[in-house]
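The next block holds one structure in the form of structure tokens; read it before the comments.
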Amino acid sequence: MNFDGTPWQVNRQPVALVREEWRVVDRWWTEEPVSRRYFDVVLQSGENAVVFRDEERGCWFTQRGA
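Here our numbering is used: the first residue of the sequence shown is 133, the next is one more, and so on.
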């Protein structure tokens with residue numbers, strides 16, 4: 133993760149461009165709230181990927197691509 137919180141690599145492939153970023157916050161009223169920060173990225177190889185960081189657990193996940 134870069135200083136600004138954006139991913140700098142996905143599955144060991146460098147990120148060339150972050151095309152879009154969005155947040156999902158839901159279920160805040162439950163014992164299992166959802167807080168995720170999503171990124172639509174282009175890797176240096178030209179491949180597209182969507183990754184997100186689970187802000188509750190501090191973990192990264194690949195949703196699509198790479």
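All residues carry an ideal CB built from backbone N, CA and C; glycine is no exception.
Boundaries of the beta strand (DSSP E) harbouring Ser167: Val166 to Leu175, taken from the DSSP string. If you draw a 10 Å sphere on the C-beta of Phe184, you find 16 or more other C-beta atoms in it, and that means buried. In this structure, Asp136 keeps its C-beta atom at 9 Å or more from the C-beta atom of Arg151. Closest by C-alpha distance to Asp186, out of Asp158, Ala148 and Leu149, is Asp158.
Under the DSSP assignment, Asn180 falls in the beta strand (DSSP E) whose first and last residues are Asn180 to Asp186.
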